[in-house]
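Chemist: Got a structure for you, questions after.
Numbering (the UniProt record's numbering), first residue to last: 1 to 69.
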C-alpha cells in the first residue's frame, strides 16, 4: 500500500526528493495534482504528490525533514 509523503511545487523539487529517496533504496511514485490557485495569480507551477510504501514512510519522512520543529 502506498502512502502520501508530501506535496511539493515544481517538477525540480519533486525530482530532488525522488532522487534522495531512491538513493536510500526507497521506492516512490510522483503524481501531478490539481493546482490549488489560478495560474494568473501564481504562475504556472505544477504541484506533485510524492508517495512511498507504508513500510518506508517513517524513514522517508525523516529523510526529507530530519529535524521537525
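Where a beta carbon is used, it is the ideal one built from N, C-alpha and C, also for glycine.
#1: Using only the alpha-carbon positions, how far apart do residue 24 and residue 45 sit?
#2: Since residue 23 is in the beta strand (DSSP E), which residue starts that stretch and which ends it?
#3: Where does residue 52 land, buried or exposed, given buried means 16+ other C-beta within 10 angstroms?
#4: Please name the residue, chosen from 50, 58, 61, that lies closest to residue 12 on a Cα-to-Cα basis.
#5: Across which residues does DSSP place residue 7 in a beta bridge pair?
Modeler: With the given structure in hand:
#1: In the chain shown, counting from the first residue as 1, residue 24 sits at position 24. In the chain shown, counting from the first residue as 1, residue 45 sits at position 45. Looking at the two C-alpha atoms, the distance is approximately 27 Å.
#2: Residue 23 sits at position 23 when you count from the first residue of the chain shown. Element bounds for residue 23: not the beta strand (DSSP E) but the alpha helix (DSSP H), 11–23.
#3: Here residue 52 is taken as the residue at index 52 of the chain shown, counted from 1. Classification for residue 52: buried.
#4: Position 12 of the chain shown, counting from 1, holds the residue named residue 12. Out of 50, 58, 61, 50 has the C-alpha closest to the C-alpha of residue 12.
#5: Here residue 7 corresponds to residue number 7 of the chain shown, with the count starting at 1. The partner list for residue 7 (beta bridge, DSSP) reads 49.
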